[in-house]
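K.L.:
Order-wise, the sequence lines are chains U and R.
Under this note's numbering, the residue at position 75 of the first sequence is numbered 413, and the numbers go up by one with no gaps.
Under this note's numbering, the residue at position 91 of the second sequence is numbered 429, and the numbers go up by one with no gaps.
Glycine is no exception: its CB is placed at the ideal position from the N, C-alpha and C atoms.
There are 2 protein chains.
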Amino acid sequence: MTGVHSLPLDTPFLEVDLDLLERNLARGADDAAANGLDLRPHAKTHKSPEIARRQLAHGAVGLSLATVSEAELFADAGFSDIFIAYPVWPSERRAGRIRSLAERIRLRLGVDSIETAERLGAVLARDTVEVLVEIDSGHHRSGVGPTDAGEVAVAAARAGLRVVGVFTFPGHAYSPDARESAALEEALAIGQAAESLEAVGIEPTVRSGGSTPSRAATDSSVLTETRPGVYVFNDAQQVELGSCGFDDVALTARTTVVSRRGNDVIVDAGSKALGADRAAWASGYGRVLELPEARITALSEHHATVRIPDSKPVPELGGELRIVPNHVCNAVNLANEYVVVQNGEVIDSWPVVARGANT
Amino acid sequence: MTGVHSLPLDTPFLEVDLDLLERNLARGADDAAANGLDLRPHAKTHKSPEIARRQLAHGAVGLSLATVSEAELFADAGFSDIFIAYPVWPSERRAGRIRSLAERIRLRLGVDSIETAERLGAVLARDTVEVLVEIDSGHHRSGVGPTDAGEVAVAAARAGLRVVGVFTFPGHAYSPDARESAALEEALAIGQAAESLEAVGIEPTVRSGGSTPSRAATDSSVLTETRPGVYVFNDAQQVELGSCGFDDVALTARTTVVSRRGNDVIVDAGSKALGADRAAWASGYGRVLELPEARITALSEHHATVRIPDSKPVPELGGELRIVPNHVCNAVNLANEYVVVQNGEVIDSWPVVARGANT
């Protein structure tokens, strides 16, 4: 197969297969329920109230988001229980926005330092915001060491914040063969952090973690909540990490072949449609759904170079290929809308409401 | 110095220093004029009619763009001479859009195959669109071999297109120590392609090339036109390639320190604000304007990890740092607007009108 039947739209665009999306949503919810974990999916992946509503319909307890502006947009869309899983710094202007949000929804924030906890407490009305202490479980990004969680929690409680638990992001699961070891480290760290809170008399009711690649190994004897994001669509990274198969990929970028040279074709989607993500272990700049043996060997802003294996016919000029982005969160953040497809026909389009909502 | 004075806006945002922008615009125009080259800057970098107007005011002959949708938006904004420097495939719907554009502006397209030339000719009214044959000068992306330019030109002319010359993008200049060699190869290839057109009786009036890193070495005895894009802002790639200095960088992402750990700080801009571009030769995921010795060692969607050298104080939580993106074109394509600054004060904001215009 060298292409797919054309849709009546100019490429490139992001295409969501509704049935696959629904299957992924159901599986994510079923897996969490089977493990006894609350599901609080990370909506930064899709940035779409339509998809978030479907997640709640499947039993999610609320949403995770990354920024105050994302939370504002989802609150505007009617969502009332949001965790900003980020160590938000309450600059003067942002503090006012957080106060406004806390007045209209149940708001939970991440905090990973005594200074931030004290400042948050100083600018927010007492007990209006819940916080989780962020800990580092091995990804080495933000978060305090697990045994330091207690002192941050004490500072937060003294500052008038409602400390309800701890959270981490086991992002080191994004590496070959690290999915299970990252989940083990996550459980160990969350367990230590929970003890650290108990030691200072604060109940770690919420113990939140999880990621799409590590979610099958998330330890529900330690954690209470999981926050996967990518599972709604999946992407080439998940396929290459072994976290899903190509037949679980619900989002692709529809592209057109615009140039050919030997075994290489150029399609009209580049880093401005797919994102430039390329982990050191990735096979290329994404994958081709129709041609899993092909490799995307180079990426410019509007060109992806696809090397077709000798065993396959080289797609014709004007033919269409569906590219599976490496990292779907960044591909989505480039698009204004999703084209929703069912049984190969366009049935709807959904705006990417929180695209670019970084503040 | 561990930070800069704060602006009354929540981070992250893209900040343009107007005086540096104007200096870059003037230099780009002066360099082209001194070399006797027409300047047709690539507006895909900035996607802003405001900046494009300033480029024309500095003497640019017209604009280069990458997509039909970019050209539509710039035509809507009053620009009347546009080259889509891309091998556009005229699918049925896109062909109608090209016809409409050609009715209202002077439109030039790239073509790099006989098939595309014939199809373009079949869907466009005779002589309504100019074309340049794209050739590969060593970047090995789109474009035919220089000596094959004539046969594509003949096919285009027979199909009713007005062939006015040849073009290339010497993208292989984006590599350490390759700026001059890429320009030499560009001149050689453009010269061969021009001869190939002359041999079939077609005058190669326009011989277009150029890029920001190679522009100082563009051979004006062979080329007639240069199409730099990044020069308006510059970026970390240009600094690291030696094409400019930090004091030539007119655009930065203003960020806030949200987390600290030893010599590392986390700022609140990641791949969703900066883009994920990272060439193999890059020092990291961008640079810090205030701390050129620092390195950005990791990037997530909303986190950049900045390693501060031992010799420098670690910035405080809440402090602001200005990040120079690796590849400014992709950073701009993530933002809805520019915050325009002069002498450290916000004086305006300009919309990124063609953000996401990929079709």
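Within the 9 Å Cβ cut-off, does R/Val596 reach chain U?
P.N.:
The residue you call residue 596 of chain R lines up with position 258 of the second sequence. True, the Cβ-Cβ gap to chain U drops below 9 Å.
K.L.:
So who's on the other strand from R/Leu637, going by DSSP bridges?
P.N.:
Here residue 637 of chain R refers to the residue found at position 299 of the second sequence. Looking at the DSSP assignment, R/Leu637 forms a beta bridge with R/Ala642.
K.L.:
Assuming the contact rule is C-beta atoms closer than 8 Å, U/Ala611 and U/Pro387 should be a hit. Round their C-beta distance to whole Å, please.
P.N.:
Stepping through the first sequence from its first residue, residue 611 of chain U is reached at position 273. Stepping through the first sequence from its first residue, residue 387 of chain U is reached at position 49. Not a contact, Cβ separation roughly 23 Å.
K.L.:
Could you tell me whether the Cβ atoms of U/Glu524 and U/Ser552 are closer together than 9 Å?
P.N.:
Taking the first residue of the first sequence as 1, we reach residue 524 of chain U at position 186. Taking the first residue of the first sequence as 1, we reach residue 552 of chain U at position 214. Yes, they are a contact pair.
K.L.:
Which bits of chain U does R/His640 rub up against, with CB to CB less than 9 Å?
P.N.:
Taking the first residue of the second sequence as 1, we reach residue 640 of chain R at position 302. Within chain U, the residues near R/His640 are Lys382, Ala404, Thr405, Tyr424, Asn696.
K.L.:
Work out the CA separation of R/Asp474 and R/Ala537 for me, nearest whole Å.
P.N.:
Within the second sequence, numbered from 1, the residue matching residue 537 of chain R stands at position 199. Within the second sequence, numbered from 1, the residue matching residue 474 of chain R stands at position 136. Going from the Cα of R/Ala537 to the Cα of R/Asp474 covers about 19 Å.
K.L.:
Determine the DSSP secondary structure at R/Asp606, reduced to helix, strand or coil.
P.N.:
Position 268 of the second sequence, counting from 1, holds the residue named residue 606 of chain R. Coil.
K.L.:
With R/Ser534 and R/Ala487 assumed to form a contact (beta carbons below 8 Å), what rounded beta-carbon distance in angstroms separates them?
P.N.:
For the purposes of this step, residue 534 of chain R is taken as the residue at position 196 of the second sequence. For the purposes of this step, residue 487 of chain R is taken as the residue at position 149 of the second sequence. Their Cβ separation, rounded to whole angstroms, is 4 Å, which keeps R/Ser534 and R/Ala487 in contact under 8 Å.
K.L.:
Which complete beta strand (DSSP E) runs does the stretch 485-568 of chain R hold, if anything under 3 residues is left out?
P.N.:
500-505, 544-547
K.L.:
Around the Cβ of U/Ser559, are there at least 16 other Cβ atoms within 10 angstroms (buried) or fewer (exposed)?
P.N.:
The residue given as residue 559 of chain U occupies position 221 in the first sequence. The residue is exposed, with fewer than 16 neighbouring Cβ atoms inside 10 Å.
K.L.:
Which residue wins for smallest C-alpha separation from R/Gly529, given the options R/Ile604, R/Thr556, R/Val570, R/Thr635?
P.N.:
By 1-based counting over the second sequence, the position of residue 529 of chain R is 191. Per the Cα distances, R/Thr556.
K.L.:
Only counting the same chain, and skipping five residues up and downstream in sequence, which positions put a Cβ closer than 6 Å to that of U/Arg625?
P.N.:
The sequence position of residue 625 of chain U within the first sequence is 287, counting from 1. Answer for U/Arg625: Ala574, Val662, listed in chain order.
K.L.:
Please report how far the alpha carbon of U/Val603 lies from the alpha carbon of R/Arg444, in whole angstroms.
P.N.:
Numbered from 1 along the first sequence, position 265 holds the residue referred to as residue 603 of chain U. Numbered from 1 along the second sequence, position 106 holds the residue referred to as residue 444 of chain R. In a straight line, the C-alpha of U/Val603 is about 30 Å away from that of R/Arg444.
K.L.:
For R/Glu524, decide whether its Cβ has a neighbour in chain U, counting only Cβ atoms nearer than 9 Å.
P.N.:
To locate residue 524 of chain R, count along the second sequence from 1; it is residue 186. Chain U, which has no Cβ nearer than 9 Å to the Cβ of R/Glu524, makes this no.
K.L.:
Any Cβ of chain R within less than 9 Å of the Cβ of U/Ala413?
P.N.:
Translated into positions along the first sequence, residue 413 of chain U becomes position 75. No, U/Ala413 does not count as interfacial toward chain R.
K.L.:
Going along chain R in order, which residues have a C-beta closer than 7 Å to the C-beta of U/Lys610?
P.N.:
Residue mapping note: residue 610 of chain U aligns to position 272 of the first sequence, counting from 1. Against chain R, the beta carbon of U/Lys610 has neighbours under 7 Å at Asn668, Asn671, Asn696, listed in chain order.
K.L.:
How many angstroms separate the CA atom of R/Val504 from the CA atom of R/Ala632?
P.N.:
What you label residue 504 of chain R is simply residue 166 of the second sequence in a count that begins at 1. What you label residue 632 of chain R is simply residue 294 of the second sequence in a count that begins at 1. Whole-angstrom Cα-Cα distance: 43 Å.
K.L.:
Please list the segments of the alpha helix (DSSP H) lying wholly inside the stretch 341-422 of chain U, counting only runs of 4 or more residues, in order along the chain.
P.N.:
356-372, 387-395, 406-414
K.L.:
Along the stretch 651-664 of chain U, what residues have a CB closer than 7 Å to any CB found in chain R?
P.N.:
Leu655, Gly656
K.L.:
Have a look at U/Gly498, U/Val492, U/Ala494, U/Val471 and flag the residue whose alpha-carbon is nearest the alpha-carbon of U/Thr506.
P.N.:
Sequence index remark: in the first sequence, residue 506 of chain U carries index 168 (1-based). The option with the nearest alpha carbon to U/Thr506 is U/Val471.
K.L.:
Using only the alpha-carbon positions, how far apart do U/Leu589 and U/Glu408 sit?
P.N.:
If you number the first sequence from 1, residue 589 of chain U lands on position 251. If you number the first sequence from 1, residue 408 of chain U lands on position 70. Using only the alpha carbons, I get a separation of about 21 Å.
K.L.:
Quick check: R/Arg378 and R/Val399, are their CB atoms within less than 9 Å of each other?
P.N.:
Counting from one through the second sequence, the residue named residue 378 of chain R turns up at place 40. Counting from one through the second sequence, the residue named residue 399 of chain R turns up at place 61. Contact: yes.
K.L.:
When you compare each of R/Leu447, R/Glu628, R/Thr635, R/Pro630 to R/Gly622 by their alpha carbons, which one comes out closest?
P.N.:
By one-based count along the second sequence, residue 622 of chain R stands at place 284. Considering only alpha carbons, the answer is R/Thr635.
K.L.:
Would U/Arg435 pass as a contact of U/Val406 if the rule is Cβ separation under 9 Å?
P.N.:
Looking up residue 435 of chain U in the first sequence gives position 97. Looking up residue 406 of chain U in the first sequence gives position 68. Yes, Cβ-Cβ distance for U/Arg435 and U/Val406 is below 9 Å.
K.L.:
Residue range of the beta strand (DSSP E) that R/Leu579 falls in?
P.N.:
One-based indexing of the second sequence puts residue 579 of chain R at position 241. Taken as a continuous stretch (DSSP letters only), R/Leu579 belongs to no beta strand (DSSP E), being part of the alpha helix (DSSP H) at 574-579.
K.L.:
Note the first and the last residue of the continuous beta strand (DSSP E) segment covering R/Arg598.
P.N.:
Stepping through the second sequence from its first residue, residue 598 of chain R is reached at position 260. Its beta strand (DSSP E) spans residues 589-599.
K.L.:
Do U/Ala404 and U/His380 have their C-beta atoms within less than 9 Å of each other?
P.N.:
To locate residue 404 of chain U, count along the first sequence from 1; it is residue 66. To locate residue 380 of chain U, count along the first sequence from 1; it is residue 42. Cβ atoms of U/Ala404 and U/His380: closer than 9 Å.
K.L.:
For the alpha helix (DSSP H) that R/Val679 lies in, which residues bound it at each end?
P.N.:
For the purposes of this step, residue 679 of chain R is identified with residue 341 of the second sequence, where counting begins at 1. Unbroken run through R/Val679 is the beta strand (DSSP E), 675-680; no alpha helix (DSSP H).
K.L.:
Tell me, please, whether the CB atom of R/Trp688 is closer than 9 Å to any CB atom in chain U?
P.N.:
Against the second sequence, residue 688 of chain R aligns to sequence position 350. No, its Cβ sits nowhere closer than 9 Å to a Cβ of chain U.
K.L.:
In chain R, which residues lie with their C-beta within 7 Å of the C-beta of U/Thr643?
P.N.:
Numbered from 1 along the first sequence, position 305 holds the residue referred to as residue 643 of chain U. Neighbours of U/Thr643 on chain R, chain order: Arg479.
K.L.:
Could you please give the first and the last residue of the uninterrupted beta strand (DSSP E) stretch that includes U/Gly289?
P.N.:
Any property of residue 289 of chain U remains undetermined from this structure, which presents chain U solely from 339 to 697.
K.L.:
Listing by chain order, which chain U residues have their CB less than 8 Å from the CB of R/Trp308?
P.N.:
Only positions 339 to 697 of chain R appear in the structure, and residue 308 of chain R is not among them; the question remains open.
K.L.:
On the CB-based measure, 16 or more other CB atoms within 10 Å of its CB, does U/Trp427 come out buried or exposed?
P.N.:
Position 89 of the first sequence, counting from 1, holds the residue named residue 427 of chain U. The residue is buried, with at least 16 neighbouring Cβ atoms inside 10 Å.
K.L.:
Enumerate in chain order the residues of its own chain whose CB-to-CB distance from U/Lys382 is below 7 Å, with the five nearest sequence positions on each side excluded.
P.N.:
As a working mapping, residue 382 of chain U is identified with position 44 in the first sequence. So the list reads Leu403, Ala404, Glu408, Gly567, Cys667, once near-sequence residues are dropped.
K.L.:
In whole angstroms, what is the alpha-carbon distance linking R/Ser701 and R/Val461?
P.N.:
Residue 701 of chain R falls outside the range modelled here, since chain R spans only 339 to 697, and no answer is possible.
K.L.:
For the beta strand (DSSP E) containing R/Arg457, name the first residue and the last one.
P.N.:
Here the question's residue 457 of chain R lines up with position 119 in the second sequence. First-last for R/Arg457: 452-461, but that is the alpha helix (DSSP H), not the beta strand (DSSP E).
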